[in-house]
Amino acid sequence: MQSAAVYVALIVGALVLIGPFLWMLSTSFKPKTEIFKFPPTLWPEGFSLKNYVTVLTEAPIGRYFINSVLISAITTSVTVFLVSLAAYSFARLEFKGKNFLFVALMASLISPGIATLIPNFMIVRAAGLLDTYAGIFLPYIGWNIAGNLLIMRGFFRAIPSSIEDAAKLDNCSVFDIYFKIALPLVEAGLATLAIFVWLSAWDEFMWVLTVTSGDAVRTMSVGLYIFQGPYITDWNLLTAAVTLGVAPSIVFFLLMQRYFVPTAAFEAYKG
Amino acid sequence: MPGKRTLLAVVVVVAAICLAVFVIKPFSQEGPEQEVVELLFWHTYSVHEANRARELFDEFEAENPKIRVKMEYVPYHALRTKLLTYLAVGEAPADLIRLDIIYVPELADMNVLLPLDDYLDTLGVGSEDFYPGPWATVLWENHVWGLPLNTNTQVLFYRKDFFEAEGLSPPTTWEEYLDVARRLTKDLDGDGQIDQWGGTVGGDWSWHFDIWLWQNGGAELSSDMKRAVMNETPGVEALTFLIDMTYKYGAAPPPEEWMMPYQGFALGHYSMMIEGPWARDLLMTVNSSVSDYMGVTLLPRGPVREASIVGGEDLVIPRFVKNRDAALKLAKYMMSEHFQLEMGKVGVLPTLRAAGEDPFFVEDPYLSVFMEQMATALPRAVHPAYGQMNDIIHNYFVAALRREMSPKEALDIMVAEIDKLLGVEGHG
Amino acid sequence: MDKLHALIFKATPYLFLLPALIFFGIFVLFPMFWSFRLSFFDWRVVSEQFIGLQNYINVLTDPIFYVALANTLLYLITTVGGQVILGLFFAFLLNQRIRGRALFRVMYYIPVITSWAVVAILWAMLLSPTKYGILNYALMSLGITGSPVHWLTEAWLARISIIMFSIWKGLGWTTMMFLGTLQSIPQKVYEVADLDNATTWRKFQSITLPLMSPVVAVVTAQLIIGAFNIFPQVYILTGGGPLHSTESLTTWQFSNAFTKLDFGYATAMGFLLLPFILIMTLIQMRLVRKEFEY
Chain A
10 MQSAAVYVAL IVGALVLIGP FLWMLSTSFK PKTEIFKFPP TLWPEGFSLK
60 NYVTVLTEAP IGRYFINSVL ISAITTSVTV FLVSLAAYSF ARLEFKGKNF
110 LFVALMASLI SPGIATLIPN FMIVRAAGLL DTYAGIFLPY IGWNIAGNLL
160 IMRGFFRAIP SSIEDAAKLD NCSVFDIYFK IALPLVEAGL ATLAIFVWLS
210 AWDEFMWVLT VTSGDAVRTM SVGLYIFQGP YITDWNLLTA AVTLGVAPSI
260 VFFLLMQRYF VPTAAFEAYK G
Chain B
6 MPGKRTLLAV VVVVAAICLA VFVIKPFSQE GPEQEVVELL FWHTYSVHEA
56 NRARELFDEF EAENPKIRVK MEYVPYHALR TKLLTYLAVG EAPADLIRLD
106 IIYVPELADM NVLLPLDDYL DTLGVGSEDF YPGPWATVLW ENHVWGLPLN
156 TNTQVLFYRK DFFEAEGLSP PTTWEEYLDV ARRLTKDLDG DGQIDQWGGT
206 VGGDWSWHFD IWLWQNGGAE LSSDMKRAVM NETPGVEALT FLIDMTYKYG
256 AAPPPEEWMM PYQGFALGHY SMMIEGPWAR DLLMTVNSSV SDYMGVTLLP
306 RGPVREASIV GGEDLVIPRF VKNRDAALKL AKYMMSEHFQ LEMGKVGVLP
356 TLRAAGEDPF FVEDPYLSVF MEQMATALPR AVHPAYGQMN DIIHNYFVAA
406 LRREMSPKEA LDIMVAEIDK LLGVEGHG
Chain C
9 MDKLHALIFK ATPYLFLLPA LIFFGIFVLF PMFWSFRLSF FDWRVVSEQF
59 IGLQNYINVL TDPIFYVALA NTLLYLITTV GGQVILGLFF AFLLNQRIRG
109 RALFRVMYYI PVITSWAVVA ILWAMLLSPT KYGILNYALM SLGITGSPVH
159 WLTEAWLARI SIIMFSIWKG LGWTTMMFLG TLQSIPQKVY EVADLDNATT
209 WRKFQSITLP LMSPVVAVVT AQLIIGAFNI FPQVYILTGG GPLHSTESLT
259 TWQFSNAFTK LDFGYATAMG FLLLPFILIM TLIQMRLVRK EFEY
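These protein sequence lines are chains A, B and C, in that order. FYI, in the working numbering the residues of the first sequence are 10 to 280. FYI, in the working numbering the residues of the second sequence are 6 to 433. FYI, in the working numbering the residues of the third sequence are 9 to 302.
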């Protein structure tokens, strides 16, 4: 493989992927009058941090940020825990109704869509959870079960059963086998799951808007809309807010990155 | 294995947090004390506007110590979805809502709004206090379902530098409009392509067409609103005028070459455009020396009358509001000259005539034009099904603009489909 | 094992599943049943009327439904295929001996972690169909095209825009997933093959491919699920236009529910897809049985 060609391809790819963000980042430092100047400028002529200051002072972005982090973290950790537990059972253990469950899960992923907003709202309202963190993250956990359950099941099934058979012979309890043996082998899967869930929780907009009635528990996703009016979008402010909002997800990704490489599984596989 | 301990730790921490959030209510959620009523107001104001409104509400609270006003921001395009979700489960949305004028008849028809006919005395206002266009948007089946809160309209923007260079003055009739547009359409660099257009249709939605329709004496619906009448002669003539201007006289760009009107105007591609008060801010983002090139005047007069279009928001109160009297008090405050004028100063134009005639507007060279145009501004059809009508009009307007069908054909189909929607006999 | 042990042992699979299923039941199954019931009614937010199968008939006789269905399938095939193929390509490149791999990883991943709604608005702006749209500006400056491309205003170009955007957004994720697996294949395995004088193609065929197939299967499954739920890409870029030509099942459903207030129609549309699911389920079960057989 010619090294140069590899680098060129990668750089072109990278430019295409982050191109729009370069524009976004550059706009976040521009004054309002330079946003749509033509020809467009990459390095702002009127470079200033004013947009960031405005964003942080005019809207309660700080609070939205904390709320987003809190809700995403809770959703992710609880979901990963519950789903990995359930997926193990689904993948390994035998029980009645397995296929029926599978079909139900698949069906839920594709069919209903939009109208479920209303019944979910009914439930949360009846439980008295409007305008609370729980009212936001509990449904998130529920919604993240089906798809991730199927994916994790795939990861568990990829583990050769010989390892577990050996453990069973040693009289380990099911939970021990799950916790001490299976789980570490699917670290890559758990990391994938975690990022997936984190992102979907972070992004969710309509639900937060529906269930909250003020700034106390609102998240960044709603907060960003403050800069979009019916006629005008304050691009300079919006891009600054978005740049601030992207940071935690990058951090989370970097944290999860090292789990992406499923080394353990393949050591076992070789044996 | 490092993973296991972390997992355990995470589980413990998560359990603790869950417990915490279930038990502790998040920051600052204290409810009001016993005797004080808290009103919830759903609004779509921008940060700037909301801050000013908050100050005004503080003044209101000072004068009404038993009432507190809580403002909830709802992003513009999501308001309706949230509202419908609350209504669907029977939960009272808010005490007062700032709602786009288009949705008022629909909600009125669903019987979820509080009719205000009997409260006009308490509110201290009547139809004569408002501009006629905005007032019409709160009426449905002879009842009053809300109050016009703020409005906007569209006027003629023209490149005064181009006009001066040619020794032209802004058009006041359709003929002059067409004439000026033709004169100002040029191929500046001789490459065979037109760089500067005289005018622009502006877009392919109902409000780009309605202005011309009304100016020619036409209407979207019959006066009893039972059927569509756009395909009668005034409508055909109006649509033909726009199509001819584009294709026959080449004075406006065809749809394939459209760009955002404000962008085209600021960059010198459009010599005229029809836009609302927000245009100045938009122009500044492209070409900030606005005073050099932006001229603003009333729309030209049509063959039958002057007309422009009404936009804006109305204030509505849900039918099963919890604190009706307090809500009415707040509504009255929001209709006061003080509130209307002060909000007008931050860019939310008043619907109250008294506020609109204040020196602040009269002496402002930009805003005065809009307020003057308000006198002849009309609303789109105030009908519950307007959302769908809007789509139908859009679809066939696009077809006519792309010359996929003649103006008459497009209007005929528009009318046929709207009649079907309205349940007219013989249309399924 | 005594009786208690036996009982716990038998109950364990269910106990493992229980918490997840409770959440699923409350927040997903119950709403599904509610929606299902609704599909037999003419529901107008504050009133309802039973109309049997009329909603289903309305959906099946609606030409736009078929346009939306065709579009959704188109988006599915192209975006899933695109993300998998390009993901494999870039993962392969990143797996080579190069410097700055960590930096590349972050750069490739950025579109993935930014929220859909914001990026969609960004793209809608960049794709402006005039010579001032940033994409057109770039293309024209580089001499790739002479006149501005009407990205979002012509039916097929609009569809392509949506597809491009979706692939762009998800590419980083598939790349990372594939890269992870590629990196885990120990060099030794290839070295052993080298000892047997295996050609590059042979190595690829009998080592790389089989070891990659589980992750490719998983990623593809996830992408397919995501493709069915496509929404902001279409709604924000084109609103389903021009003239409903880019409409997807989800956007058409949303229009009917929240614009026309015809929830009965919207929910019926959702449930018409059930036969699809059954087919896909059978395929999945077949595939999965094959995949993990080695």
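All C-beta atoms in this analysis are idealised placements derived from N, C-alpha and C, irrespective of residue type, glycine included.
First and last residue of the beta strand (DSSP E) that includes T156/B?
-> Numbered from its first residue, the second sequence carries residue 156/B at position 151. Where T156/B is concerned, the enclosing beta strand (DSSP E) stretches over L152 to N157.
Q: Would you kindly work out how many angstroms separate the C-alpha atoms of V15/A and A99/C, rounded to a whole number?
A: Within the first sequence, the letter at position 6 stands for residue 15/A. Within the third sequence, the letter at position 91 stands for residue 99/C. Going from the Cα of V15/A to the Cα of A99/C covers about 11 angstroms.
Backbone secondary structure at W211/A - three-state DSSP
One-based indexing of the first sequence puts residue 211/A at position 202. Here W211/A sits in helix by DSSP.
| Interface partners of Y234/A on chain B, CB under 7 angstroms | Residue 234/A sits at position 225 when you count from the first residue of the first sequence. Those are P80, listed as they occur along chain B.
Review point. If we call anything under 8 angstroms between Cβ atoms a contact, is P153/B one with P139/B?
Key: Here residue 153/B is taken as the residue at index 148 of the second sequence, counted from 1. Here residue 139/B is taken as the residue at index 134 of the second sequence, counted from 1. With respect to the 8 angstroms criterion, P153/B and P139/B are classified as neighbours on the basis of their beta carbons.
>> Using a Cβ-Cβ distance cut-off of 8 angstroms, determine whether K268/C contacts chain B.
In response: Translated into positions along the third sequence, residue 268/C becomes position 260. Yes, contact with chain B.
Does any C-beta atom of chain C lie closer than 8 angstroms to the C-beta of F32/B?
Locating residue 32/B in the second sequence gives position 27, where the first residue counts as 1. Any reading at F32/B is ruled out, since the residue's pLDDT is 44, under 50, leaving its predicted position unreliable.
Original post:
Of all the CB atoms in chain A, is at least one closer than 8 angstroms to the CB of G154/C?
Top reply: As a working note, residue 154/C is residue 146 in the third sequence. G154/C does not count as touching chain A.
_Am I right that F73/C and V67/C are in contact with their C-beta atoms under 8 angstroms? What's the rounded C-beta distance?_
Sequence index remark: in the third sequence, residue 73/C carries index 65 (1-based). Sequence index remark: in the third sequence, residue 67/C carries index 59 (1-based). Taking C-beta atoms under 8 angstroms as the contact rule, F73/C and V67/C qualify, at a distance of about 5 angstroms.
Chain A contact for M6/B (CB, 8 angstroms cutoff): As a first step, residue 6/B must be located in the second sequence, where it is residue number 1. With a pLDDT of 40 at M6/B, under the threshold of 50, the modelled position of this residue cannot be trusted; read the value that follows with caution. M6/B counts as touching chain A.
Handout entry: Contact set for W181/C: own chain, Cβ-Cβ below 6 angstroms, skip 5 residues either direction
Key = Within the third sequence, the letter at position 173 stands for residue 181/C. The residues are V120.
- Item | As assigned by DSSP and simplified to three states, the class of L427/B | Indexing the second sequence from 1 puts residue 427/B at position 422. Three-state result, L427/B: helix.
task: Tell me whether L173/B sits in a helix, a strand or coil according to DSSP, three-state version.
output: Position 168 of the second sequence holds residue 173/B. Of the three classes helix, strand and coil, the one that applies to L173/B here is coil, per DSSP.
When you check each C-beta in the segment 28-45 of chain A against every C-beta of chain B, which residues fall closer than 7 angstroms? Correct list: K41, T42, I44 and F45.
- Within this structure, are the beta carbons of N245/A and T50/A separated by less than 8 angstroms? Numbered from its first residue, the first sequence carries residue 245/A at position 236. Numbered from its first residue, the first sequence carries residue 50/A at position 41. No, Cβ-Cβ distance for N245/A and T50/A is not below 8 angstroms.
Are S221/C and V242/C closer than 8 angstroms when you measure CB to CB?
For this step, residue 221/C is matched to residue 213 along the third sequence. For this step, residue 242/C is matched to residue 234 along the third sequence. Result no, Cβ atoms of S221/C and V242/C do not sit closer than 8 angstroms.
Would L251/C pass as an interface residue toward chain B - the criterion being a Cβ-Cβ separation below 8 angstroms?
Residue numbering aside, residue 251/C sits at position 243 when the third sequence is read from its first letter. Chain B, which has a Cβ nearer than 8 angstroms to the Cβ of L251/C, makes this yes.
If we require 4 or more residues per run, which alpha helix (DSSP H) segments fall completely within the segment 199-239 of chain B? If only complete runs of 4 or more residues are kept, the segment 199-239 of chain B shows the alpha helix (DSSP H) at 211-220, in order along the chain.
(message) Output needed in chain order: residues of the segment 195-228 of chain A with a Cβ under 7 angstroms from some Cβ in chain B.
(response) Cβ contacts with chain B: E196, M215, L218, T219, S222, G223, A225 and V226.
I'd like to know if S171/A contacts chain C, where contact means its C-beta is closer than 8 angstroms to some C-beta of that chain. The residue you call residue 171/A lines up with position 162 of the first sequence. No Cβ of chain C is located within less than 8 angstroms of the beta carbon of S171/A.
CA-to-CA distance, Y61/A to E414/B, given in whole angstroms | Locating residue 414/B in the second sequence gives position 409, counting from the first residue. Locating residue 61/A in the first sequence gives position 52, counting from the first residue. Going by the C-alpha atoms only, they are around 53 angstroms apart.
How should S214/C be labelled, buried or exposed, when 16 other C-beta atoms within 10 angstroms of its C-beta is the threshold for buried? For the purposes of this step, residue 214/C is identified with residue 206 of the third sequence, where counting begins at 1. Burial call: exposed.
Practice item. Give the range of the beta strand (DSSP E) segment to which M73/B is assigned. Key: As a position in the second sequence, residue 73/B is number 68, starting the count at 1. According to the sequence shown, residue 73/B is Arg rather than Met. Counting along the chain, R73/B sits inside the beta strand (DSSP E) bounded by residues I72 to Y78.
Subject >> Listed by chain order, chain A residues near Q268/B by CB distance under 9 angstroms >> reply: For the purposes of this step, residue 268/B is identified with residue 263 of the second sequence, where counting begins at 1. Within chain A, the residues whose beta carbon sits less than 9 angstroms from that of Q268/B are F45 and F47, listed in sequence order.
Any idea what DSSP makes of H432/B, helix, strand or coil? In the second sequence, residue 432/B corresponds to position 427, counting from 1. Annotation note: pLDDT 49 at H432/B (below 50); position unreliable, no value reported.
task = For N157/A, count neighbouring C-beta atoms within 10 Å of its own C-beta (all shown protein chains included) and say buried if the count is 16 or more, exposed if not.
result = Taking the first sequence and counting its residues from 1, one reaches residue 157/A at position 148. So N157/A ends up on the buried side.
Under 7 angstroms, CB to CB, which of the residues in the segment 140-171 of chain C have a partner in chain B? When CB distances to chain B are screened at a threshold of 7 angstroms, the residues of the segment 140-171 of chain C falling below it are Y140 and H158, in chain order.
Where does V420/B sit, in a helix, a strand or coil, going by DSSP? Residue 420/B sits at position 415 when you count from the first residue of the second sequence. The answer is helix: DSSP assigns V420/B an H, G or I state.
Once you ignore the five residues that flank S43/C on each side, which residues in its own chain have a CB closer than 6 angstroms to its CB? Looking up residue 43/C in the third sequence gives position 35. Hits under 6 angstroms: T275.
What does DSSP give as the partner residue(s) for V149/B in the beta ladder? Here the question's residue 149/B lines up with position 144 in the second sequence. DSSP lists L144/B as the bridge partner or partners of V149/B.
Could you compute how far the alpha carbon of H48/B sits from the alpha carbon of A256/A? Here residue 48/B corresponds to residue number 43 of the second sequence, with the count starting at 1. Here residue 256/A corresponds to residue number 247 of the first sequence, with the count starting at 1. Cα to Cα, H48/B sits roughly 30 angstroms from A256/A.
Item to complete: Mind reading off the beta-carbon distance from Q378/B to T158/B? Whole number of angstroms is fine, and I expect it under 8 angstroms.
Response: If you number the second sequence from 1, residue 378/B lands on position 373. If you number the second sequence from 1, residue 158/B lands on position 153. Cβ atoms of Q378/B and T158/B come within 8 angstroms of each other, at about 5 angstroms.
Exercise. Please compile the residues from chain C whose C-beta is within a distance smaller than 7 angstroms of the C-beta of G392/B.
Key: Looking up residue 392/B in the second sequence gives position 387. Those within 7 angstroms of G392/B in chain C are T267.
ask   = Under 7 angstroms Cβ-Cβ, which residues of chain C neighbour G55/A?
value = Translated into positions along the first sequence, residue 55/A becomes position 46. None at all; the shortest Cβ gap to chain C is about 19 angstroms.
Determine which residues share a DSSP beta bridge with E56/C and list them. Against the third sequence, residue 56/C aligns to sequence position 48. Answer is W51/C, bridged to E56/C.
Quick one: grab the DSSP three-state call for S123/C. One-based indexing of the third sequence puts residue 123/C at position 115. Of the three classes helix, strand and coil, the one that applies to S123/C here is coil, per DSSP.
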